[in-house]
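Here the structure is laid out as structure tokens; the discussion comes afterwards.
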């Protein structure tokens, strides 16, 4: 009984396959794509390969542009302009062979599934030229990019005035690229908004309006008759004038005065070289850095780098000077407040005046105190010379005492903050001792 049932089932399946085999053969003879097959969701059922290719090409050619918009601007992107290649032939062949490229049983099964309502979709392989896409994105970026404009602050006749900021606009490059590639892959060339990024200005009006009070100011005197030195003071003071610092931003004196544009304006004036005053380019700019250093001390700013001269300066007390040269020999300080500060430099007659403005809430009563930690006496050295006769002496170099000095910032509550330890090395006193012998002939000539 069981054997008979098996034979019956086999015969039924055989009859079913034979019937469908006839159907398969009939369909294959037609040379068309089977029903319920699409290419990129475009129905190509019952079409020959030629007709299917024509239908897909017509669709792509009529839908090959993306219209991008940004504000009131429209940008049309043609796929041909960015080198997109669609492998339509391969896709049509694949669709045509979906029910033909396997063994006879698998092909019959595929046809039956399609006839019973299953749908199959073939995606078109696309070749994308990323270089051309990047070039197009660069073009869009350059066209829509708008730099932000900072809010402004000015000091006019000792009155602070403020100007509004403007926000900038930039392209979200990676997002636009993803949109383009996705639309190419999906062949959905409809309208799209260009993705943009709002660019914030560095300084905002609301923040600058908090700059409303003098936090610290200091002035030093210079000799107006030293024309080259005066020039260098004026150039550096103008360069450092009207500087804004945001919270946690660090100021570097060298970053402003060591540019080629500024150094080309400097002239030769006395500078300290190996502990001595000698002519050098930019002599006098350290008076501006020292004056500003003291304004920063009184303003309560965080001093991050300062170096004293090797010789005490005549225009400022010992322990309160700030030399600058190259590299790390620089005056640097940080805005340790939660609102901007504004640095103003001016030349008032024969005075350098440095003033730092900020929010009144950060104004403190500060006193700057220096303490001599150690005095270092100078040594006296005697050098023999044949230029002088025996018994003759001459002063070649004056001696200078050395110092170690601590600089403190003292607050109203008597809290002392050590800012810097300055060391001024001593300079030897050098005396020239004559060793030249006087002979008789020289003595007679002198007598005659």
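In mature numbering (1 follows the signal peptide of the UniProt record, and there is no 0), the protein residues as written are -26 to -1, 1 to 422.
The C-beta atom is built at its ideal place from N, Cα and C for all residues, glycine as well.
Hey, could you find the ends of the beta strand (DSSP E) residue 276 is sitting in?
Taken as a continuous stretch (DSSP letters only), the beta strand (DSSP E) holding residue 276 covers 276 to 279.
Could you tell me the distance, in whole angstroms, from the CA atom of residue 133 to the CA atom of residue 261?
Whole-angstrom Cα-Cα distance: 26 angstroms.
Note down, one range per segment and in chain order, each alpha helix (DSSP H) of at least 4 residues found wholly within the region 121 to 166.
You should have 147 to 160.
Tell whether a beta-carbon distance below 9 angstroms holds between residue 425 and residue 328.
The structure shown does not extend to residue 425, since the chain is modelled only from -26 through 422, so no value can be given for it.
So, does the region 113 to 123 touch the region 87 to 97, judging by three or more C-beta pairs under 8 angstroms?
No contact exists between the region 113 to 123 and the region 87 to 97.
Just the Cα atoms here: how many angstroms apart are residue 383 and residue 314?
When rounded, the distance between both Cα atoms is 22 angstroms.
Which of helix, strand or coil does DSSP assign to residue 32?
It is helical.
Run through DSSP, which three-state label would residue 289 get?
Three-state DSSP puts residue 289 in coil, outside helix and strand.
Let me know the secondary structure DSSP gives residue 261 once reduced to three states.
Three-state DSSP puts residue 261 in a helix.
Since residue 472 sits in a beta bridge, which residues does DSSP pair it with?
What is shown of the chain runs -26 to 422, which leaves residue 472 out entirely.
Nearest CA to the CA of residue 164: which residue from 62, 48 and 75?
Answer by Cα proximity: 48.
Rounded to whole angstroms, what is the Cα-Cα separation between residue 59 and residue 146?
About 26 angstroms.
Would residue 158 be called buried (16 or more neighbouring beta carbons within 10 Å of its own) or exposed?
So residue 158 ends up on the buried side.
Report the rounded CA-to-CA distance for residue 312 versus residue 125, giving the unit in angstroms.
Straight-line Cα distance between these residues: approximately 17 angstroms.
Looking at the secondary structure, which residues open and close the alpha helix (DSSP H) in which residue 336 lies?
Careful: residue 336 lies outside any alpha helix (DSSP H) and carries neither H nor E.
Could you pull the start and end residues of the alpha helix (DSSP H) that residue 116 belongs to?
Residue 116 -> alpha helix (DSSP H) spans 104 to 118.
Nearest-angstrom Cα distance between residue 342 and residue 217?
Each residue's Cα considered, the two are about 24 angstroms apart.
For the alpha helix (DSSP H) that contains residue 14, what are its first and last residues?
Careful: residue 14 lies outside any alpha helix (DSSP H) and carries neither H nor E.
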